[in-house]
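Asker: With this note's numbering, letter number 100 in the sequence shown gets 101, and the count goes up by one each step, no holes.
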Amino acid sequence: MSDFSSLSGQLLVSLPSMQGDYFSHTVTLLIEHNDEGAFGLVINKPLDEELSDLLADTALTCPQGITVLESGPVEQNRLFFLHTSDQTFENSHPINDHVSLTTTLDVFDAEGDTLPEHLLAGLGYAGWSGGQLEEEIRADVWLVVPYVNEIVFDVPFEHRPEFAAKTIGIDLNLISPTPGHG
Numbered sequence: 002m003s004d005f006s007s008l009s010g011q012l013l014v015s016l017p018s019m020q021g022d023y024f025s026h027t028v029t030l031l032i033e034h035n036d037e038g039a040f041g042l043v044i045n046k047p048l049d050e051e052l053s054d055l056l057a058d059t060a061l062t063c064p065q066g067i068t069v070l071e072s073g074p075v076e077q078n079r080l081f082f083l084h085t086s087d088q089t090f091e092n093s094h095p096i097n098d099h100v101s102l103t104t105t106l107d108v109f110d111a112e113g114d115t116l117p118e119h120l121l122a123g124l125g126y127a128g129w130s131g132g133q134l135e136e137e138i139r140a141d142v143w144l145v146v147p148y149v150n151e152i153v154f155d156v157p158f159e160h161r162p163e164f165a166a167k168t169i170g171i172d173l174n175l176i177s178p179t180p181g182h183g
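1) Could you give the distance in angstroms between the alpha-carbon of V149 and the alpha-carbon of A165?
2) Out of Q65, V145 and E163, point me to the one whose CA is closest to G1's CA.
3) Can you say whether I169 is buried or exposed, counting buried as having 16 or more other CB atoms within 10 angstroms of its CB?
4) Taking the alpha carbon of Q77 as the reference point, which residue from A127, P17, L12 and H26 has its own alpha carbon closest?
5) Just checking my contact of F81 with S93 at CB under 8 Å: how many whole Å lie between their CB atoms?
6) Would you list the one or two residues that DSSP bridges to L55?
7) Compare the C-alpha of F107 against each of P47, T59, V28 and M19 and name the closest.
8) Please tell me whether L16 and L134 are closer than 9 Å, where the distance is taken between their beta carbons.
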């Protein structure tokens with residue numbers, strides 16, 4: 002048996018060494034992580050589109066003001082919803098006690114009056130093959146941060162990496178973008 006330890010439900014903060022990469026200056030919520038790989042959603046790359054515009058051709062009642070995130074480089078035409086667990090739906094997957102993932106439009110009913118307290122919509126996901134994420138963490142590409150609800154739903158998008166790192170006492174501004182020894 003291996004000494005594998007799942008990081009499901011935790012946050013990945015990209016370190017400054019990841020400049021110029023898709024994941025540069027991002028925070029990713031790990032939805033699922035096991036020995037076969039990992040799946041997560043980037044929670045701080047807003048697109049210039051609201052969910053109501055994206056779903057305008059549907060019969061669903063969608064509130065105004067929900068920003069759509071670019072939540073990963075894989076399947077960027079696929080819609081994911083992260084929401085507080087005060088509401089769950091038939092196709093909801095609890096990530097932890099505070100947040101759930103729904104991959105269908107179940108989050109909206111005909112009246113639109115049963116929305117969760119907080120809701121994020123994202124297009125795409127981030128995926129890693131077995132062992133890939135662990136190798137990236139060992140290579141100091143990612144900082145692993147315990148889940149904090151405010152980071153996912155309340156902190157302004159552009160401040161999420163710094164806020165997340167500070168929750169574990171790390172100032173990203175003090176980390177060199179180039180690895181090495183002095």
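C-beta: ideal position from N, C-alpha, C; glycine also. These figures come from a predicted structure and were not determined experimentally.
Answerer: On the basis of the data shown:
1) What you label residue 149 is simply residue 148 of the sequence shown in a count that begins at 1. What you label residue 165 is simply residue 164 of the sequence shown in a count that begins at 1. Those two C-alpha atoms are separated by around 8 Å.
2) Lying outside 2 to 183, the shown extent of the chain, residue 1 is not represented and no answer is given.
3) In the sequence shown, counting from the first residue as 1, residue 169 sits at position 168. Exposed, because fewer than 16 other Cβ atoms sit within 10 Å of the Cβ of I169.
4) In the sequence shown, the residue the question calls residue 77 occupies position 76. Taking only the C-alpha atoms, the option nearest Q77 is A127.
5) Sequence index remark: in the sequence shown, residue 81 carries index 80 (1-based). Sequence index remark: in the sequence shown, residue 93 carries index 92 (1-based). Between S93 and F81 the Cβ distance is about 12 Å, and since that is not below 8 Å, they are no contact.
6) Within the sequence shown, the letter at position 54 stands for residue 55. Partner(s): none; L55 has no beta bridge.
7) Residue 107 sits at position 106 when you count from the first residue of the sequence shown. Residue identity differs from the one stated: residue 107 is Asp in this sequence, not Phe. The shortest C-alpha separation from D107 is found at T59.
8) To locate residue 16, count along the sequence shown from 1; it is residue 15. To locate residue 134, count along the sequence shown from 1; it is residue 133. In this structure, L134 does not lie closer than 9 Å to L16 by Cβ.
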